Each structure stands twice: as C-alpha cells, then as structure tokens.
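J.: So the working numbering is basically just the index in the sequence shown, starting at one, shifted up by 2. One structure is given below, represented as structure tokens, and several questions about it will come after.
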Amino acid sequence: MNSKDIPFPNFSADPCSSFYQYLTSQRPELLPMERWKTSLPQQGQTDASLMSTNHFPWPHGTTVLAFTYDNGVLIAGDRRATEGFQIAANRMEKVFQTDAYSAMAIAGAAGPCVEMAKLFRIELEHYEKLDGQPLTCEGKANRLGHMVKANFPMVLHGLVVIPLFVGYDHKREVGRLFKYDITGGRYEDTEFHAIGSGGKDARSTLKEYFRKNLPEDAAVKVALRALLNAADEDVGTGGPDLVRRIFPTVKLVDPQGVRDVEDTQLAALCEALVNQKQEP
Numbered sequence: 003m004n005s006k007d008i009p010f011p012n013f014s015a016d017p018c019s020s021f022y023q024y025l026t027s028q029r030p031e032l033l034p035m036e037r038w039k040t041s042l043p044q045q046g047q048t049d050a051s052l053m054s055t056n057h058f059p060w061p062h063g064t065t066v067l068a069f070t071y072d073n074g075v076l077i078a079g080d081r082r083a084t085e086g087f088q089i090a091a092n093r094m095e096k097v098f099q100t101d102a103y104s105a106m107a108i109a110g111a112a113g114p115c116v117e118m119a120k121l122f123r124i125e126l127e128h129y130e131k132l133d134g135q136p137l138t139c140e141g142k143a144n145r146l147g148h149m150v151k152a153n154f155p156m157v158l159h160g161l162v163v164i165p166l167f168v169g170y171d172h173k174r175e176v177g178r179l180f181k182y183d184i185t186g187g188r189y190e191d192t193e194f195h196a197i198g199s200g201g202k203d204a205r206s207t208l209k210e211y212f213r214k215n216l217p218e219d220a221a222v223k224v225a226l227r228a229l230l231n232a233a234d235e236d237v238g239t240g241g242p243d244l245v246r247r248i249f250p251t252v253k254l255v256d257p258q259g260v261r262d263v264e265d266t267q268l269a270a271l272c273e274a275l276v277n278q279k280q281e282p
C-alpha cells in the first residue's frame, strides 16, 4: 500500500476522558442546552411577558435535601413536579445514582434537570472506562460543576438546574456533600443542605433535628420529617401519600455503595410521622 493511501488520523476526534467535553467539541447539537434552544423564543422575542411561567409552564422539580450520618451520607427528595399552578407529576424521580459510590438530586426545570443527571452518569462511566479507575469524590463534584456552569445561558431563559451531589470518599473514609449555585460554583457542606421551592422549610427542620453521627434509622426519619414539614408549607412540595403509596425517594451512600431505603420502611416511618402530627 502506498503511504499516501494511509489516512492521517484525526486527533481532534480522539475521545478524551470527559464525555461531556467530547460532545461539546464533536457533536454539540446533542447536548441538552443546545437542543433546548430550539424551543426558546428567538432573538428579539425574549421580553419579560414571553418568559413568564404562564407562557412557558415547564414542569419544575421541588424539594431535595442531603446530610451526613454516622456511616456516610443520605440524599432524599419528594416526588412532586409542578407546572405553573398545576401538579405535573406525583411520581417524579429527583434522586439519581450516578455511579457505585455517588448520587445526585436535582431541583429546577424538570426536563433539563433529568437530562443533566443522565449525562453526568455517562460522564463518570466514560471516565472510568478510559482511565481504568473512577474519579475521586472531589473530581466528580468538579465535573458536575462544569456542567452546571455550561447551563448558565439556559438559566437566563428560566431553565434553571441546581443539583446536590453526595459521594463516599474512600480516602477520607467519610460521606461528602456538595451544593452548587446557578453559575456552577461548587461548595462543600459538612452537615446538611436542602434546595428547591421547599428548601428553606426543609433546612429549618434539619437545623432542629440534625445531629452529627446520627444512626441510619434516625437519619431516615429526620429526612422524612424535613420533607413532610416542607410539604406542609410549600405548595410545590409533595408529602407522602399513604393512600396511593407514594413516598419520598431516599438513598444512602456508605462504604458499601449506594442503596435505596425500601418502601416498606418508608411507609412505616411516614405513617408514624403523620399520626404524630395529628396527635393533640
């Protein structure tokens, strides 16, 4: 074969350890923020009246929270999504496992939030396949911050995505919690945090009941109490539905990995909390 017939490799198309960066350089049209642009008003049409929730009633996720306990870190969220003044969904999942030892919860515009969670899970899997080892806990938090920052142009159109990220750090042997702002700023919290429309009410409950090194059962109960109190005060937060058997999503991240709290345990704890509120 003549050397001239051998194609010169396109090094710019070589995959890097970041799947998100690879998409950005090679197929930007596949990124969530690029696809969402097609449904937004064109230049010159972005006045305040057009961008009101009455014209664009996108479903929004509401209250999610996370805090540390004696064996790791807990992350939880309610199941309601609202669309303007209406309930869009009562069974929405807002808490996602991102790899074997980390999870994230989302608040904001439901569609972009869920897409970011899925893309972030692929990002971590892609890195592990290419490098042969997973990212560190802090590295994962940094990668998520870059994705939140890239979504900032969509924030100006009302498509806000605010995540909570938790992971178990094997080097430090401790569960870690990271929160973000709309510009991608990443901040670590050593105790607890809650975001969403009912985040303030949930944080008030956590301030009262959170204790360092809570045992697992007590931690789950505190999380449910915080979500229940938030649902009492915030119309956008859904409390436990004992009739339809709809309960908040609660995940635990510890040295063994990520696991869900079973519905049977959640049902018993939610029923006890509701009965306690009804007592004179």
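All residues carry an ideal CB built from backbone N, CA and C; glycine is no exception. A quick note: this is a predicted structure, and the numbers were derived from the prediction, not measured.
1. Hey, out of Q258, L244, D262, whose CA is closest to V276's CA?
2. Out of V163, G74, L268, L158, which has the shortest C-alpha to C-alpha gap to E117?
3. Contact between the segment 206-214 and the segment 174-181 is defined here as three or more beta-carbon pairs at a separation below 8 angstroms; is this criterion met?
4. Grab the span of the alpha helix (DSSP H) containing M118 for me, first residue to last.
5. What are the boundary residues of the beta strand (DSSP E) that includes L76?
6. Does the Cβ of R205 have 16 or more other Cβ atoms within 10 Å, making it buried, or fewer, making it exposed?
7. Grouping DSSP H, G and I as helix and E and B as strand, with all else coil, what is S20?
8. Compute the beta-carbon to beta-carbon distance between V252 and V263, rounded to the nearest angstrom, for a pair I have assumed lies under 8 angstroms.
9. Within a Cβ cutoff of 6 angstroms, which residues of the same chain sit near L132, ignoring the five residues on either side of it in sequence?
10. Just tell me which of E127, H128, L121, K173 has its CA closest to the CA of M149.
11. Under the rule that 16 or more other beta-carbon atoms within 10 Å means buried, what is N73, buried or exposed?
12. Under 8 angstroms by Cβ, that's how I've got V75 and K96 pegged, so tell me the actual separation to the nearest angstrom.
13. Rounded to a whole number of angstroms, what is the C-alpha to C-alpha distance between R227 and T207?
14. Report the CB separation of D171 from P136 in whole angstroms; it is logged as a contact under 8 angstroms.
15. How about T239 and T64: do their beta carbons lie closer than 8 angstroms?
16. Starting from the C-beta of T185, find all residues in its chain whose C-beta is less than 7 angstroms away, skip the five residues before and the five after it, and write them out in chain order.
17. Using a 10 Å radius around the Cβ and a threshold of 16 neighbouring Cβ atoms, would you call P165 buried or exposed?
18. Is it true that the CB of L271 sits closer than 8 angstroms to the CB of K202?
19. How would you call L229, buried or exposed, if buried means at least 16 neighbouring beta carbons within 10 angstroms?
20. Going by C-alpha distance, which of D234, F194, E235, G110 is nearest L216?
T.: Looking at the coordinates:
1. Out of Q258, L244, D262, L244 has the C-alpha closest to the C-alpha of V276.
2. Ranking V163, G74, L268, L158 by Cα distance to E117 puts V163 first.
3. The segment 206-214, when compared against the segment 174-181, does not touch it at the 8 angstroms Cβ threshold.
4. Counting along the chain, the alpha helix (DSSP H) containing M118 begins and ends at 112-133.
5. Looking at the DSSP string, the run of the beta strand (DSSP E) that includes L76 is 74-79.
6. By the neighbour-count criterion, in which a residue is buried when 16 or more other Cβ atoms sit within 10 angstroms of its Cβ, R205 is buried.
7. Correct three-state label for S20: coil.
8. Contact holds; Cβ gap of about 4 angstroms.
9. S19, listed in sequence order.
10. Closest by C-alpha distance to M149, out of E127, H128, L121, K173, is L121.
11. Buried is the call here.
12. Not a contact, Cβ separation roughly 16 angstroms.
13. For R227 and T207, the gap between their C-alpha atoms comes out near 7 angstroms.
14. Contact between D171 and P136 is absent: CB atoms are separated by about 12 angstroms, not below the 8 angstroms threshold.
15. In this structure, T239 places its C-beta atom within 8 angstroms of the C-beta atom of T64.
16. So the qualifying residues of the chain are K151, F154.
17. Residue burial is scored here from C-beta neighbours: P165 has at least 16 other C-beta atoms within 10 angstroms and is therefore classed as buried.
18. No. Outside cutoff.
19. With 16 or more other Cβ atoms within 10 Å, it is buried.
20. The closest CA to that of L216, considering only D234, F194, E235, G110, is found on F194.
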